[in-house]
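Chemist:
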Amino acid sequence: MQTHDAKRVEITIEAVMQSRLTEALKSAGVTGFTILPVFGGSGRSGEWSRSGQVSRASGMVQVICIIRPERLDALLEAAFAVVDRHIGVVSVTNCQVLRAERF
Amino acid sequence: MQTHDAKRVEITIEAVMQSRLTEALKSAGVTGFTILPVFGGSGRSGEWSRSGQVSRASGMVQVICIIRPERLDALLEAAFAVVDRHIGVVSVTNCQVLRAERF
Amino acid sequence: MQTHDAKRVEITIEAVMQSRLTEALKSAGVTGFTILPVFGGSGRSGEWSRSGQVSRASGMVQVICIIRPERLDALLEAAFAVVDRHIGVVSVTNCQVLRAERF
Amino acid sequence: MDQILSLTADNLLSPVILSFALGLAASLARSDLSIPEAIAKGMSIYLLFAIGFKGGVSVASHGIDATLGLSLLTGVLLSALLPLVAFFLLQVLTDLDRLNAGAVAAHYGSISIVTYVAGTSVLESQGLIYEGYMVAVAAAMEAPAILSALWLISRGGGDRKMDSDLWREIILNGSIVLLVGSFAIGWATGEEGLAEISSFVVSPFKGVLCLFLLDMGIVAGRGLRSGSGLIKPGLLAFGVLMPVLGASAGLACALLLGLSTGGTVLMMVLGASASYIAVPAAMRVAVPEANPSIYLTLSLGVTFPFNLTLGLPIYVAVARTVTGG
Amino acid sequence: MDQILSLTADNLLSPVILSFALGLAASLARSDLSIPEAIAKGMSIYLLFAIGFKGGVSVASHGIDATLGLSLLTGVLLSALLPLVAFFLLQVLTDLDRLNAGAVAAHYGSISIVTYVAGTSVLESQGLIYEGYMVAVAAAMEAPAILSALWLISRGGGDRKMDSDLWREIILNGSIVLLVGSFAIGWATGEEGLAEISSFVVSPFKGVLCLFLLDMGIVAGRGLRSGSGLIKPGLLAFGVLMPVLGASAGLACALLLGLSTGGTVLMMVLGASASYIAVPAAMRVAVPEANPSIYLTLSLGVTFPFNLTLGLPIYVAVARTVTGG
Amino acid sequence: MDQILSLTADNLLSPVILSFALGLAASLARSDLSIPEAIAKGMSIYLLFAIGFKGGVSVASHGIDATLGLSLLTGVLLSALLPLVAFFLLQVLTDLDRLNAGAVAAHYGSISIVTYVAGTSVLESQGLIYEGYMVAVAAAMEAPAILSALWLISRGGGDRKMDSDLWREIILNGSIVLLVGSFAIGWATGEEGLAEISSFVVSPFKGVLCLFLLDMGIVAGRGLRSGSGLIKPGLLAFGVLMPVLGASAGLACALLLGLSTGGTVLMMVLGASASYIAVPAAMRVAVPEANPSIYLTLSLGVTFPFNLTLGLPIYVAVARTVTGG
Ligand SMILES: Nc1ncnc2c1ncn2[C@@H]1O[C@H](COP(=O)(O)O)[C@@H](O)[C@H]1O
Ligand SMILES: Nc1ncnc2c1ncn2[C@@H]1O[C@H](COP(=O)(O)O)[C@@H](O)[C@H]1O
Ligand SMILES: Nc1ncnc2c1ncn2[C@@H]1O[C@H](COP(=O)(O)O)[C@@H](O)[C@H]1O
Ligand code: NA
Ligand code: NA
Ligand code: NA
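Protein chains in written order, with the working numbering: chain A, 126 to 228; chain B, 126 to 228; chain C, 126 to 228; chain D, 169 to 493; chain E, 169 to 493; chain F, 169 to 493.
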């Protein structure tokens, strides 16, 4: 099938920062993203798990954006401005998509 | 370690279509897939979140299939037939797998 | 923005083996990972779903590690030792990360 | 009139309605108050189980009324015919295309079980009795509307194939199965069964309903915030007029069947209420081109609060007047 | 015989059993009725906490029976020895290999706390009293079966190394800790503690049990649908015979210990029931090559419904006859 | 002194405290006992709704005390000023930098609603009455501490910009909205509303509290296991001294306001308790450089158990002595 080059950006970020990140993405013209729940993890600030937690303070989500390659830089700038002072991981992968007109 | 080329297909699709998609994948000979819950997202049809929802109508899941490269086309045809009229995103990434005999 | 090459390793493994895997990863010097809940799936051992389940026996999680390319082999050895006798899928993708000093 | 006003005031001051208002207000003010999806689903399972079970027990105690069969049949017809009314009204009041109008119409033929529950709880506070089997009528009314709506849509061309999977999904929809199943369990175990589990299905019921309505208020508010642009005046008018028409049709049916005052109110409530669980899911499968924001916002954000606040007292007052109850 | 029949009829007509049947039927008919994982886990935590707590309170009120220690010991032995019986029976009746037979055997030595709870609720409806510490015996029987099964498997060669992590996971398994812990809390706080929380741990208990069994019916039905090909006649026979053997062994132990009629029934139930929470998880870690569909389907899809429907009335009737209670 | 000892013994032997201990022990022993996030959140929503509602009903029944407004104001001031005390104490006792000290200080100005609830349940078991509006004071004390802590931090340079989003998040935080909202609902519906839902908000309350504290024990234990390295002696001393100072400040305020004995205890509890839900989330947004392990472990792993076990009986005894109640 006909596929098109695109970038898959995966941003793992604190749950409290989710709405700030998605607002920043929208300001940068990114309107499509998918948010996955994260169950736990480990990093320089130690290990954590969502189980039994009531506060949103200790928890992360994963925001996945699939975008055209030429829009990557704008997205990364926007994401970085939010992630900068906060804990979080940003990774970019090359991918192929169906129905490129959607992105 | 010895790794092998494979394709990672990620299909974000409405929860109501999940079983139709997996049936279609199975008909196309794809037997291995993993389903991730999706917490929310945004697209041309607006922003949404699962929190507090009772109906399956507004919700998506992410189906991840790792397959041998030569089976990609059959998978995409099958997926596309289901996704076509529905909202959803299909992306394909090159990857490497251990234990290729499994795929 | 300045990005750096990295590897994104995605290990889908039984929930009962999660802590053994993360211990093995830590012994291999991997300290950063993110754990996603898995809702269901299908493989050679049939189809399953978490809905309504009480036992941890039937359930998987997805462990995602982003690491520097040179540390890939150590990670794969460690992961393989745990996954070996168990059901599970390991895939590796090339990616780009911001803030490489974190990995 | 006075009666309606005092009933409305009473109704608006119940913890149940105020909980909905709280959720709505929190959500419109963009508070992060939210209830986890699993808890919302758990509460809806509890409510369906309890309401079905109590309905069954009531049938077991009072025996089957001759009208049970007729009521079920009437419910099915009402559910199947109301979408035609709705569809027509939508074409008069709005500029929705055939697909969207059909999808909206399906919702209004079907029913909202929470509105039904809110209705029973008003009846109980008024000391009005009602036929226990009305919950079975509610279950019977969930699906027929979907079929007539799909028929309406397919008349406009384009194949809306009802594959067998979709049939099964509609008929064996979780909420229908749970409602009918727990009704059967209640019927089979009767008062004795109720005695065993009444401190689960009866005592905490209204409190759970409060929290469930809090959640519905939150979700409705979220929908209104993002979907308000879609709800033009014509659509808004439909969202208020249609329940009144549905209630009137329900009233007519109830009078023909000779239901009790309480039963009449419930038949009106079933006619007036619009689905927001089963039908939206079916529409996503069968009519994916229709915009879910329209039918969800209309059903949950307009008609549901209307029925809950103003509709219920009006239906009670009218039913009392007409049946002399 | 008549007594068994009437007991069975009574039992089958309880809301608890009918809820299981509803879940099973819904799932076999492929309805989408489902209960969120978090809610199912929440209910199981509630049930474990309530049953443990009430057991502890009962010990606090009636004092420690001289047989408490002996009963615990007997439970441990029963749990450790039943897998040998099961393993032997599996080799006679089925063609399972050593690994799968060992894994299945582990389940039948261990216990199912929900079957135990269903047993206590039959006892209560029959007005039979039982030793409160039986819940501690239940906790004590969870783990030993795992060890003997692993020993059985390792005799066939291949190292089944019980690393210390696995030991800890088995002994400090969440359900054991919660059961023992809430037993201790109930014991420590006694009737006074019960008065404080009885409208939480006592009143709604049976209703929660209904919903929990609804869920177990759904999960069992799902397992039967996908795993039915694996359950050959021999395995099916095992799934029904083994609980009868386990109950007989339990009966013998109870008579030796001189338990009350109710206690005798519960010891039979513990012998008869098969684990479906703790043991499967341990088997996935220690014997990953064994097929989980076999042991889960057998335990949850065959033995559990057998015990629930036919087993319980039989055990009650037998215990009454034998103990004269 | 005797009174304190016997109160402490009573308190330690309540199911609520023992449930916390069970969770803590299970978690420290690395059992896999855990409660799903959705269930924990569901319980916290239930507790907030019930406590707010009951507070509102109590105000509706006993009328507004002239001190209501003054108490709210005092609560706000207490919440705003305690962080200054905490900050100073941290600089004396520990070597935390300004950011971490400020973040910790914010927690101790704010309050822990579960500690408050545990306090009310001790009061009830002692037969002490208290002002129903204290729950509104609790709500009023959630946020001010955050502002003064951010001010403390910003004095050290670096712009801690309080953007409008953060303001809204703090003020319209889900737990504040739910507490205030259900307080208003209880107030509006009064005893009549309570009669409708008391078997939901009153009867099972203490049992739910047990399971919630079980969960808090598990989470606290997990925090202590991973964060124990961070809790140096100085910090530990702070975690025990600060609640005593906070309680003393609360006592002074209560005496000035002329609260009842029960109200005095609750004002002490509010002063003594440290937030672990709203404030941590605000700190992650506003002071991301501060280490959450420090403030979470201190608040949930040190101060919360201290207040629960030793603090409460002391506060009750002191308040009784001082107010002569
Ligand atoms: N290398 C990594 N790969 C995947 N996820 C990571 C990685 N490093 C950190 N994370 C995630 O980001 C969170 C915060 O990381 P940190 O800021 O290093 O404490 C962790 O708890 C993980 O969920
Ligand atoms: N570019 C994208 N990247 C990631 N997810 C997307 C993207 N576009 C859409 N989605 C997901 O697909 C859903 C439906 O998209 P749409 O059909 O554009 O409304 C969204 O709510 C997202 O969850
Ligand atoms: N090809 C695949 N792609 C994605 N996930 C897979 C694949 N194969 C297996 N899985 C996941 O791994 C689990 C166990 O696989 P198996 O060992 O083949 O039964 C499945 O239930 C899926 O969740
Ligand atoms: Na209707
Ligand atoms: Na057994
Ligand atoms: Na405080």
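Just so you know, even glycine gets a beta-carbon here, dropped at the ideal spot from N, CA and C.
(1) What residues in its chain sit with their C-beta under 6 Å from that of ILE203/E, if we drop five residues either side in the sequence?
(2) Output the distance between the C-alpha atoms of PRO312/E and ASN219/A, rounded to the nearest integer angstrom.
(3) ARG181/B: buried (16+ other C-beta within 10 angstroms of its C-beta) or exposed?
(4) Count the C-beta pairs between the stretch 238–258 of chain F and the stretch 414–425 of chain F that are closer than 8 Å, then say yes if the count reaches three, no if not.
(5) So, for GLY349/F: in the same chain, excluding its five sequence neighbours on each side, which residues have a beta-carbon less than 8 Å away from its beta-carbon?
(6) Nearest to ASP263/D by CA position, among LEU403/D, ILE279/D, ASN179/D, is which residue?
(7) Are the CB atoms of PHE368/D and GLY375/E within a distance shorter than 7 Å?
(8) Are three or more beta carbon pairs between the stretch 276–288 of chain F and the stretch 348–367 of chain F nearer than 8 Å?
(9) Quick one: grab the DSSP three-state call for GLY426/D.
(10) Pair every Cβ in the stretch 394–409 of chain F with every Cβ in the stretch 421–436 of chain F, then say whether three or more of these pairs are closer than 8 Å.
(11) Taking 7 Å as the cut-off, decide whether the C-beta atoms of ALA203/B and ALA153/B are in contact.
(12) Could you tell me whether any Cβ in chain B is nearer than 7 Å to the Cβ of PRO194/A?
(13) Does GLN187/A come within less than 7 Å of chain F when only Cβ atoms are used?
(14) Going by the DSSP bridge assignment, what does LYS117/A pair with across the sheet?
(15) Exposed or buried, ARG390/F, counting other C-beta atoms within 10 Å across all chains shown (16 or more means buried)?
(16) With which residues is LEU161/C paired in a DSSP beta bridge?
(17) Hey, could you find the ends of the beta strand (DSSP E) GLU172/B is sitting in?
(18) Measuring straight from C-alpha to C-alpha, what distance separates ARG169/B and THR156/A?
(19) With respect to the alpha helix (DSSP H) encompassing HIS275/E, which residues constitute its N-terminal and C-terminal limits?
(20) Please tell me whether, using a cut-off of 6 Å, the distance from the CB of SER441/F to the nearest non-hydrogen atom of ligand 6 is below it.
(21) Tell me which same chain residues have a C-beta within less than 6 Å of the C-beta of ILE160/B, skipping the five on either side of it?
(22) Return the chain-ordered list of same chain residues with a C-beta closer than 7 Å to the C-beta of ARG488/F, the five sequence neighbours on each side being excluded.
(23) Name, in chain order, the residues that DSSP records as bridge partners for ILE172/E.
(24) Can you pull the chain C neighbours of ILE445/E, defined as C-beta to C-beta under 9 Å?
(25) In angstroms, rounded to a whole number, what distance separates the CA positions of SER239/D and GLY224/D?
(26) Please list, in chain order, all residues of the same chain as GLY469/F whose beta carbon is under 6 Å from its beta carbon, the five residues on each side excluded.
(27) Is the shortest distance between the beta-carbon of SER367/D and the beta-carbons of chain E less than 7 Å?
(28) Is ILE138/C close to chain A? Criterion is C-beta to C-beta, closer than 7 Å.
(29) Could you have a look at VAL282/D and say whether DSSP puts it in helix, strand or coil?
(30) Going along chain E, which residues have a C-beta under 8 Å from GLY171/C?
(31) At a cut-off of 6 Å, would you count GLY414/F as near ligand 6, judging by its Cβ distance to the nearest heavy atom?
(32) Can you tell me whether DSSP reads GLY177/A as helix, strand or coil?
(33) Name the chain F residues that come within less than 9 Å of VAL215/A, Cβ to Cβ?
(34) Just checking my contact of TYR483/F with MET436/F at CB under 8 Å: how many whole Å lie between their CB atoms?
(35) For GLY492/D, count the other beta carbons within 10 Å of its own beta carbon; 16 or more makes it buried, fewer makes it exposed. Which is it?
(36) Considering only residues of the same chain and omitting the five flanking positions on each side of GLY395/F, which have a CB-CB separation below 6 Å?
Modeler: A quick look at the data gives this:
(1) ASP383
(2) 52 Å
(3) buried
(4) yes
(5) GLY220
(6) LEU403/D
(7) yes
(8) no
(9) coil
(10) no
(11) yes
(12) no
(13) no
(14) Given that chain A is displayed from residue 126 to residue 228, the structure contains no residue 117/A and the question cannot be resolved.
(15) buried
(16) GLN187/C
(17) 171–174
(18) 7 Å
(19) 266–277
(20) yes
(21) VAL186, VAL188
(22) THR429
(23) Per DSSP, none; premise fails for ILE172/E.
(24) VAL179, SER180, ARG181, ALA182
(25) 15 Å
(26) ALA388, GLY391, LEU392
(27) yes
(28) no
(29) helix
(30) SER394, GLY395, SER461
(31) yes
(32) coil
(33) Per Cβ cutoff of 9 Å: no residues; VAL215/A is ~16 Å from chain F at best.
(34) 4 Å
(35) exposed
(36) SER461, THR465
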